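From first to last, the protein sequence lines are chains U and A.
Take any residue in the first sequence, note its place counting from 1, add 2, and you have its number in this note's numbering.
Take any residue in the second sequence, note its place counting from 1, add 1, and you have its number in this note's numbering.
No residue lacks a Cβ here, since even glycine has one placed at the ideal position from N, Cα and C.
Keep in mind the model is a prediction, meaning the values are calculated, not measured.
What follows is a short report on a single structure.
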Amino acid sequence: MAFIKIEGLTKQFGGLTAVNDVDFEIEKGKITAIIGPNGAGKSTFFNLISGFHRPTSGSIIFEGIDITKTPVHIGAKLGIARTFQTTHLFEQSSVIDNVIVGHRLRTKSNLFDAVFRTRREKQEEQEAYDRAIEALDFVGLLDLVNRQVAAISQESKKRVAIALALATDPKVMFLDEPAAGINPDETDNLAELMKKIAQSGITVCTIEHKMQMIMGLADTIMVLNHGAKIAEGTPEEIKNNPIVIEAYLGGDALAEVN
Amino acid sequence: MGKLLTGRNGILFMLGLSILFPLFFLDNRYVLYVMTTSFIFIIAIYGMNLLAGYTGQLSLAHAGFFAIGAYSVGILTTKAGMNFWLALVLAVIITCVIGFALGIIALRTREHFFAIYTLIVGYLIYLLIDKWDGLTGGVRGLIGIPIPNSIGPIEFNSAVSMYYLVLLFLVLSIFIGVRIVRSLTGRTYIAIRNSEELAQTLGINTRTNKLVSFVVSVAYAGLAGGLYASLTRFIGPEIAGIEMVFNFLVYLIVGGIGTLTGPIVGTMLFIWLTQFLQSFQEYRMLIFGPILVVIVIFYPTGLAGAFYSLKHKWLGNKEQKKEKISEIESMKKTSIQSREV
Ligand SMILES: Nc1ncnc2c1ncn2[C@@H]1O[C@H](COP(=O)(O)OP(=O)(O)O)[C@@H](O)[C@H]1O
Ligand SMILES: [Mg+2]
């Protein structure tokens, strides 16, 4: 059984077909990358899997469960985490306060527990805190836990967003352009982090613009163009695929890769 | 001084002050009455703040829910002859049920659409009260609402006893509010305020959480309304009116939306200001309006927020100075050591 199996996935916005009849499988424990020019439908593809959009047609099967119409928060509970192209963090709050709520979906305390500060509430608060610290440690931000998010670097913010996703105890993580807007050195560090996540048993699926980074990182690459899948394979195969070179990589990008 | 009046000390100080307050005004019913009224409004604003400040949904229907609570107590006690306490409990339940029904629809909208929708809901509540003569007494209002029935030897026939009764409800309301805000549930609400999209990806059912938070929030307004009816013993439709909506908004925003002390500061300040400016009645808005605008522009988290940021700045500076001093000292030490070596 495939880990995630996508069949005939299509999304139309009015007359525009943002994702067009895509068949794809994501393998457990691997790093999968999705590349393609701006407006190719990569983010929409993520939005479909995570449940922000209902597909026009097609299906998404996650560990044998049909999640095509599953709402976002249920998908999260099943183990699907994602980060956004822009981080959406609460800038005025501290790093740790941003991340603690990530574990909320694994807790049961309700309003009653809150008002009476039940043992369950206290236990789960501790649990959520511990999990947040663990996640921040994992992404290497232990020394920034009490800093205000507004005061940390762009790269650190990306890491906080990843820690937040990790705190949900996911099985798979979808990262939407995690390296956008950060410098080359930091990009390498982020690639290391993605490898570490995959090694810890969490499947990683990332959208990436930086070719160099992705070629050394991904196990499988899918190329989208105008919403359609035009190629799929190992980095080596993608690099040498004439359709990809023609449609997407072009002279400049190819030079960058080699 | 800074340390003395914040955290636990600050709370105990305020509590002690409010317990001792009536002793200084034993025969000044007016002062006690105004103070009691301000406590009642703090309860309502606390509810509004829970929703607007923490879950991020600014409701302008809360004056309406306040009125629903007040009229429930008013009608149940004067027309059905019900015991005040039972009426108060029912008033909160009625407010919650109506809030639940309206909330389901209201929460389909977002941000300013939510504010506009709730503004209309509030106005409809006002119209309903104003026009439903048979039930509400229309523009004439409801008169002769009884004081709370005595509990054993405790009677509520004096301004002082009403003061303490309302203070008890206020302390309880604040206590519950603080507990909610500082719990996992509170974190859930804050996550929703920050970004609904992100909250959803974190597995939070935003619709259910917003609805629960809405119902809790209107329960506060309903409770406050019920107490208000019994304190003033006369209510008219204007308690759901546009001026009340505006007052609620001013108390909350000037005090500090999304802060725990803001509703207290804002409400007290404006209720007393209103008293001092009573001779200006009609022109009050000329003063409140510009204050509101200035605060919204320069201090989006109100007076409470401004206070905290100033305090942080001040403490921050002090700490920086301390750090510098210790830095200099350690530098001196190392230079001495190196000399010794
Ligand atoms: N919510 C939406 N409504 C309408 N059109 C959209 C929406 N989201 C994306 N699109 C359109 O779908 C196409 C693909 O967008 P997107 O998935 O964001 O591309 P990418 O992430 O590959 O840059 C674009 O033309 C975009 O304008
Ligand atoms: Mg995109």
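### Message
With a threshold of 7 Å on Cβ separation, who are the neighbours of serine 151 of chain A within its own chain once the five nearest residues in sequence on each side are excluded?
### Response
Phe157
#### Entry: Straight-line Cα distance separating phenylalanine 215 of chain A from tyrosine 284 of chain A
33 Å
### Task
Work out the CA separation of aspartate 28 of chain A and isoleucine 193 of chain A for me, nearest whole Å.
48 Å
#### Entry: lysine 13 of chain U at chain A interface by Cβ criterion, 8 Å
no
### Query
Would you say the stretch 219-229 of chain A touches the stretch 78-98 of chain A, given that touching needs at least three Cβ pairs under 8 Å?
yes
### Message
Quick check: is any heavy atom of ligand 1 less than 7 Å from the C-beta of alanine 233 of chain U?
### Response
no
### Query
Does the Cβ of serine 310 of chain A have 16 or more other Cβ atoms within 10 Å, making it buried, or fewer, making it exposed?
exposed
### Task
Determine the direct distance from the alpha carbon of histidine 105 of chain U to that of isoleucine 41 of chain A, and round the result to whole angstroms.
37 Å
### Message
Distance check for lysine 44 of chain U and histidine 313 of chain A, CA to CA, integer angstroms please.
### Response
43 Å
### Task
Go to leucine 138 of chain U, then tell me how far its alpha helix (DSSP H) extends in each direction, as first and last residue.
121-140
### Message
For glutamine 201 of chain A, count the other beta carbons within 10 Å of its own beta carbon; 16 or more makes it buried, fewer makes it exposed. Which is it?
### Response
buried
### Query
What is the C-beta distance between isoleucine 28 of chain U and cysteine 207 of chain U, in whole angstroms, given that I count them as a contact (C-beta under 8 Å)?
6 Å
### Query
Sorry if obvious, but does the Cβ on lysine 44 of chain U come closer than 7 Å to a heavy atom of ligand 4?
Within the structure as shown, ligand 4 is missing, the only ligands being ligand 1 and ligand 2.
#### Entry: glycine 54 of chain A CB to nearest heavy atom of ligand 1 below 7 Å
no
### Query
Is glycine 75 of chain A helix, strand or coil by DSSP?
helix
### Task
Drop a sphere of 10 angstroms on the beta-carbon of arginine 9 of chain A, count the other beta-carbons inside from all chains shown, and report buried for 16 or more, exposed for fewer.
exposed
### Query
Roughly how many angstroms lie between the CA atoms of methionine 163 of chain A and tryptophan 86 of chain A, to the nearest whole one?
14 Å
### Message
Just checking: is the beta-carbon of arginine 84 of chain U within a distance shorter than 8 Å of some beta-carbon in chain A?
### Response
yes
### Query
If you measure from the beta carbon of histidine 90 of chain U to each beta carbon in chain A, is any gap under 8 Å?
yes
### Message
Using a 10 Å radius around the Cβ and a threshold of 16 neighbouring Cβ atoms, would you call lysine 212 of chain U buried or exposed?
### Response
buried
### Task
Rank A:Leu125, A:Leu185 and A:Leu16 by C-alpha distance to the C-alpha of aspartate 99 of chain U and give the top, closest one.
A:Leu185
### Query
Taking 7 Å as the line, does the beta carbon of glutamine 87 of chain U fall inside it for any heavy atom of ligand 2?
yes
### Task
Please list, in chain order, all residues of the same chain as serine 111 of chain U whose beta carbon is under 6 Å from its beta carbon, the five residues on each side excluded.
Arg122, Glu123 and Glu126
#### Entry: Strand pairing of glutamate 234 of chain U, partner residues [DSSP]
U:Met224
### Message
Against chain U, does arginine 188 of chain A count as a neighbour if the rule is that its beta carbon must be under 8 Å from one of theirs?
### Response
yes
#### Entry: CB contact check: alanine 165 of chain U to chain A, cutoff 8 Å
no
### Query
Taking the alpha-carbon positions, what's the asparagine 248 of chain A to tryptophan 273 of chain A distance?
13 Å
### Message
Quick check: what's the CA-CA separation for methionine 36 of chain A versus methionine 269 of chain A?
### Response
8 Å
### Task
Rounded to whole angstroms, what's the CA-CA distance from leucine 168 of chain U to alanine 137 of chain U? Just pull it up for me.
6 Å
### Query
With C-beta atoms as the reference, is isoleucine 265 of chain A less than 8 Å away from isoleucine 43 of chain A?
yes
### Query
Counting along the chain, where does the alpha helix (DSSP H) carrying glycine 223 of chain A start and finish?
207-233
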